[in-house]
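S.K.:
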Amino acid sequence: MQNSEIARQFEELADLLEIQGANPFRLRAYRNAARTISGLPESIEDIAKNTPKELQSLPGIGKDLAEKIETIVESGTLPQLETLKEEIPADVVRMLNIPGIGPKKVAFLFSELSIHSLDDLKAAAEQGVIAEQKGFGKKTAQIILEGLEHLSQAGNRVRLADAKAQSDEIIHDLQTLDSVQQISEAGSCRRRKETVGDLDILITSNAPGAVMDALANHPLVNTVLARGETKQRVRLNSGLEMDLRVVSEESYGAALLYFTGSKEHNIVLRRRSQERGLKLNEYGLFRKDKLVSGKTEEDVYQTLDLPWIPPEIRENRMEFTAVEENKLPELIELKQIRGDLHMHTTATDGTASILEMAEGAKAKGYQYIAITDHSKRVTMANGLDAKRLRAHWKAIEKVQSKISGIQILKGIECDILEDGSMDLPDDVLSEADWVIAVLHYGLKQSQEQINQRLLNAIQNPHVSILGHLSGRLIGKRPSADLNYSEILKACADHGTMLEINAHPMRLDIDDIHAAKAKELGIPIVINTDAHSVKGLDVMQYGVYQARRAGLSKKDVANTKTWKQFQKLLKK
Ligand code: DGT
Ligand code: CA
Ligand code: CA
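Heads up, the sequence shown is in the working numbering, so the first residue is 71 and it goes up one at a time.
The following block contains the structure:
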């Protein structure tokens, strides 16, 4: 069982208990446990099975939670959770996703008004029943109706690339207004989290009304959901929602810190403030009522004896310990990338020729690429058998003789078959410069089977790297069930590299496991998996994910010059 599933069960438990009106301390304990578990690179299942005593040494996990984890691992669920699920319908839990409706209101709707489904809720709101209730009113009824209409979309988190494109466009347009002085993205999008719940932007302005009018009329904006003196919430045509906040100049840095989050990072900042006799909020850092700092993020961090911390690592995972140990990493940047080692051509399912891909990469300033078309198992993509692959490599040699200033590696993206063998024989693989081993089929196999397949590939001396390890497609297809601790350890032992696939739907391996890989000294390569020349552009998203993992230039192998990279290849 994956950590994410165990974490999800604790989240669900907390949600259900909250609707029941349980003690907030217990809820917090479950939610903290969920966070600890989902942030852990080691398999909780392994720990629970092999060394259950160690569970209690995890942050926020006491005896009771450790027992619950063991129960989940053994039986797949918790009796308590099952009972609650029988008592509280799933639709009632979904109501928590309606903006402005908290657990107290949901509990009231459920127990006092006997609303058991979203359809019940819609009917009650339409018939005016909700508006009559104390603490609800016409406005809330309206919010509920709007929320219901978009629940499916609002409940869905949006992939970073899609969210950021919309945020960038709106910021770009608002920036040109005379009424806007400063403007910045904030929230999870600024932290480059792989999915975004809603967009947050922050401005300073001498005419907030004019900016809000402009946002309301922006072509990407569909509906104004709420508008006040300093805050506006809109729904974009895509269904994604955006908060705009207007702050004063002397508070801009403090507000940016606050609204960039994460909440967990901010909690630590507030604690540090208290320890210094200060109070931190979105308006600034105060001693008594006197503003000490707040104009820029740097000012606020400095007052708290901290360097400026890049938004990507503001998750309270490693940043504060890193500062303490004087090891805050200098995060990798796109301009440091010197090669792209996963791409396709017209030989399989790409749309460009070898030469076109090489020229596209050269135009980006890269020194080397690998052409890695599919192996034969991927029939849908016209995958290559040994004969066609050898001919393809000949074609690569020919292109290489015609183009200078870029090295083209003869590669292959070779499937690890369902039975654990490689899709192409060793003698063929031995002729390649670069072999990416991947899972495409049988992703739903048991953890044992998946692990065995990956271990076979790692132990194969011709395999250079594991590509898009988990096989997930964000928001669409879950990860294969794999034991990361075992796989990463084997990679470290055998000198097998790991890919961060930069495709916005993949971002695989993710930030947590990339951080673990760095810790183990496994070289990481950020690849685009481009199927067209344009596809080479997504490198940035892989770099964002690497930054979230705390990776520096030295941790990422394709920042090396061709000369240095060649040395690594020989190893
Ligand atoms: P998202 O939208 O779910 O992808 O994640 P965020 O991080 O963008 O969260 P959001 O939009 O709810 O709020 C933006 C930031 O504002 C968040 O990262 C931290 C801050 N914030 C919001 N609500 C609270 C709160 O209740 N307490 C604290 N400390 N910070 C908050
Ligand atoms: Ca947000
Ligand atoms: Ca927000």
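C-beta: ideal position from N, C-alpha, C; glycine also.
Only a predicted model underlies this, so the values are computations on that prediction, with no experimental measurement involved.
Should Asp-270 be counted as a contact of ligand 4 given a C-beta to heavy atom distance under 7 angstroms?
M.R.: This structure simply doesn't include ligand 4; it includes ligand 1, ligand 2 and ligand 3 instead.
S.K.: Are any of the Cβ atoms in chain C nearer than 8 angstroms to that of Arg-447?
M.R.: In the displayed structure, chain C is absent; only one protein chain is listed.
S.K.: Phe-356 bridges to which residues according to DSSP?
M.R.: Lys-349 and Leu-361
S.K.: With distances taken between CB atoms, is the gap from Asn-628 to Leu-401 smaller than 8 angstroms?
M.R.: For Asn-628 and Leu-401, no; Cβs fall outside 8 angstroms.
S.K.: Who are Tyr-438's beta bridge partners in DSSP?
M.R.: Note: Tyr-438 sits in a beta bridge opposite Gly-409 and Gln-477.
S.K.: Give the secondary structure of Val-250 by DSSP, where H, G and I count as helix, E and B as strand, and everything else as coil.
M.R.: strand
S.K.: Fully enclosed by the stretch 134 to 200, which alpha helix (DSSP H) runs are 4 residues long or longer?
M.R.: 149 to 157, 160 to 164, 173 to 181 and 188 to 196
S.K.: Thinking C-beta only, is Met-427 closer than 8 angstroms to Thr-415?
M.R.: Judged by their CB atoms, Thr-415 and Met-427 are nearer to each other than the 8 angstroms cut-off.
S.K.: For Asp-116, which of helix, strand or coil comes out of DSSP?
M.R.: Reduced to three states, the DSSP call for Asp-116 is helix.
S.K.: To the nearest angstrom, how far is it from the Cα of Ala-224 to the Cα of Tyr-328?
M.R.: For Ala-224, the pLDDT reaches just 44, beneath the cut-off of 50, and the residue's location in the model is therefore unreliable, leaving the point undetermined.
S.K.: Find out if the Cβ-Cβ distance for the pair Leu-509, His-532 is shorter than 8 angstroms.
M.R.: no
S.K.: Sort Gly-354, His-288 and Leu-348 by Cα distance to Ser-318 and report the nearest one.
M.R.: Gly-354
S.K.: Compute the minimum distance between the beta carbon of Gly-217 and the heavy atoms of ligand 3, and state whether it is under 7 angstroms.
M.R.: no
S.K.: Does at least one heavy atom of ligand 2 sit under 7 angstroms from the Cβ of Gly-267?
M.R.: yes
S.K.: Return the residue from the list Ile-271, Val-162, Ser-540 and Asp-563 that minimises the CA-CA distance to Gln-529.
M.R.: Asp-563
S.K.: From which residue to which residue does the alpha helix (DSSP H) around Leu-215 run?
M.R.: 207 to 219
S.K.: Which residues does DSSP list as the beta-bridge partners of His-444?
M.R.: Glu-483
S.K.: Please classify Trp-378: does DSSP put it in a helix, a strand, or coil?
M.R.: coil
S.K.: For the stretch 169 to 178 and the stretch 82 to 101, state whether three or more C-beta atom pairs, one from each stretch, are separated by less than 8 angstroms.
M.R.: A contact exists between the stretch 169 to 178 and the stretch 82 to 101.
S.K.: State the CB to CB distance for the pair Ile-570 and Glu-264, rounded to an integer number of angstroms; the pair is presumed to be in contact (CB under 8 angstroms).
M.R.: Incorrect: roughly 11 angstroms between the Cβ atoms, too far for contact.
S.K.: If I'm right that Leu-135 touches Leu-83 with Cβ under 8 angstroms, what's the distance once you round it to whole angstroms?
M.R.: That pair is no contact at about 11 angstroms.
S.K.: Can you find the residues in the same chain that come closer than 6 angstroms, C-beta to C-beta, to Glu-320, ignoring five residues on each side of it along the sequence?
M.R.: Gly-364 and Lys-365
S.K.: Can you tell which of Ala-284, Glu-403, Ala-104 and Leu-125 has its C-alpha closest to the C-alpha of Arg-618?
M.R.: Glu-403
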